[in-house]
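See below for the structure under consideration.
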Amino acid sequence: MSEVLSDAARDAVLGPLFESGWEMVEGRDAITKTFRFSSFVEAFGWMTRAAMWAEKWNHHPEWFNVYSRVEVVLSTHDVGGLSALDAKLARKMDGLVGQ
914 MSEVLSDAAR DAVLGPLFES GWEMVEGRDA ITKTFRFSSF VEAFGWMTRA
964 AMWAEKWNHH PEWFNVYSRV EVVLSTHDVG GLSALDAKLA RKMDGLVGQ
């Protein structure tokens, strides 16, 4: 079972994500990032690859796609905030760009 990230874990886990473009969602314990691709097919392909990992880890993103842009919000609803699963999926999403 996941748990909300402690203050100490937040600094260690979220710091590198903030450096790669993730941001806190205002008024919510969640992170967000907008991914931009060269085409709809590239964006949808990335979403498909990310969806496979999300399903494998049983941790599903909130996301919105318009043409070549995908807006992602991550938060662990079961614990009411950010957990290690959010950081894990964010890192995986970053790594899937360009594949």
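The opening position of the sequence shown corresponds to residue 914 in our numbering, with each subsequent residue numbered one higher.
Note that CB positions come from ideal geometry on N, CA and C, so glycine has one too.
Note that the structure is predicted; figures quoted are calculated from it, not measured.
- Three-state secondary structure assigned by DSSP to Arg-923: helix
- Three-state secondary structure (DSSP) at Leu-987? strand
- Query: If you draw a straight line from the alpha carbon of Ser-952 to that of Glu-975, how long is it in whole angstroms?
  - Reply: 21 Å
- Nearest to Gly-940 (by Cα), restricted to the options Ala-997, Val-986 and Leu-1002: Val-986
- Item | For Phe-950, the first and last residue of its enclosing alpha helix (DSSP H) | Unbroken run through Phe-950: none, as it is neither H nor E.
- Item | Exposure of His-972, with buried meaning 16 or more beta-carbon neighbours within 10 Å | buried
- Query: Using the beta-carbon count (16 or more within 10 Å), is Phe-950 buried or exposed?
  - Reply: buried
- Task: Can you tell me which of the three DSSP states Arg-941 falls into?
- Result: coil
- Query: For the candidate residues Asp-924, Val-938, Val-992 and Lys-969, whose alpha-carbon lies nearest to that of Lys-1005?
  - Reply: Lys-969
- Query: What do you reckon, are the CB atoms on Asn-978 and Met-960 nearer than 8 Å?
  - Reply: yes
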